[in-house]
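Numbering (the numbering used here), first residue to last: 17 to 188.
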C-alpha cells in the first residue's frame, strides 16, 4: 500500500478560510486609509497656503506693500473689481474676524471654506476656518473641529518672523 504525502482538499480549504478571517480582522488595523487621506489633505492645504503666500509676498513686494500690517495687496488685476487680500508684512494675515480670514483664504486659494465658530464642525465645504485671534487661525477638514487633533494652525508673519504653518494630524 502506498502512503500518500501532502494535504487533503479539506485541510487546504480550512487553512484558506482561517487566513481569510485573519486578514479581514487584522487589515483595518494596519491599513487606515481614511485617516491617511485626511492627514494628506491637511498637508495639501498647508502646501497650497505656503505656495499662495509666496506668490502674495511677491505681489506685495512689487506693489511696495511688504513692510507693514493690514495692507491690501492686489493679487489679480485682470478682473473688475480687482481681487485683493489683506496682508501683514506681505503675507496673508489673521485679520480681525473669521469672515475676513475666510474671504482672504477663498481669494488666495480659490477654494470654499466654512466659517466656523470654535468647537463647531463644518458640513458644507471640504474645509472650515476658525478665527482664533489677530495672531492665528485654524483650518480643519470637513467633519472635524478646531479642537480635534486634525488641523492646520497658521500664525501670520511678524516684522521679525515668517508665517508659521503647523499641521496637527495625530487624530485624523
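The C-beta atom is built at its ideal place from N, Cα and C for all residues, glycine as well.
Meets three-Cβ-pair contact criterion under 8 Å: the region 135 to 143 and the region 76 to 94: no
For residue 122: DSSP bridge partner residues: On the chain shown, residue 122 is found 106 positions in, with the first residue counted as 1. Answer by DSSP bridge pairing: none, since residue 122 is not bridged.
DSSP-derived helix/strand/coil call for residue 54: Taking the chain shown and counting its residues from 1, one reaches residue 54 at position 38. It is helical.
Rounded separation between residue 48 and residue 166 - CA only: In the chain shown, the residue the question calls residue 48 occupies position 32. In the chain shown, the residue the question calls residue 166 occupies position 150. The alpha-carbon of residue 48 is positioned some 15 Å away from that of residue 166.
Residue of 106, 134, 102, 107 minimising C-alpha distance to residue 119: Here residue 119 refers to the residue found at position 103 when the chain shown is read from its first residue. Residue 119 has its Cα closest to that of 102, out of 106, 134, 102, 107.
For residue 40 and residue 152, the rounded distance between their alpha carbons: Locating residue 152 in the chain shown gives position 136, where the first residue counts as 1. Locating residue 40 in the chain shown gives position 24, where the first residue counts as 1. Approximately 43 Å, taken between the alpha carbons.
Euclidean distance between Cα positions of residue 109 and residue 36: Mapped onto the chain shown, residue 109 falls at position 93. Mapped onto the chain shown, residue 36 falls at position 20. Computed Cα separation, rounded: 53 Å.
Nearest candidate by alpha-carbon position, reference residue 93, set 123, 19, 169: Along the chain shown, read from residue 1 onward, the residue named residue 93 stands at position 77. Ranking the options by Cα distance to residue 93, first place goes to 123.
Beta carbon of residue 171 nearer than 8 Å to that of residue 180: Translated into the one-based positions of the chain shown, residue 171 becomes position 155. Translated into the one-based positions of the chain shown, residue 180 becomes position 164. In this structure, the beta-carbon distance from residue 171 to residue 180 falls below 8 Å.
Where residue 27 falls, given that 16 or more other Cβ within 10 Å makes a residue buried: Mapped onto the chain shown, residue 27 falls at position 11. Classification for residue 27: exposed.
Cα-Cα separation, residue 137 to residue 158: Counting from one through the chain shown, the residue named residue 137 turns up at place 121. Counting from one through the chain shown, the residue named residue 158 turns up at place 142. Cα to Cα, the separation comes out at about 7 Å.
Inter-residue Cα distance where the pair is residue 19 and residue 38: Counting from 1 along the chain shown, the entry for residue 19 is found at position 3. Counting from 1 along the chain shown, the entry for residue 38 is found at position 22. Looking at the two C-alpha atoms, the distance is approximately 33 Å.
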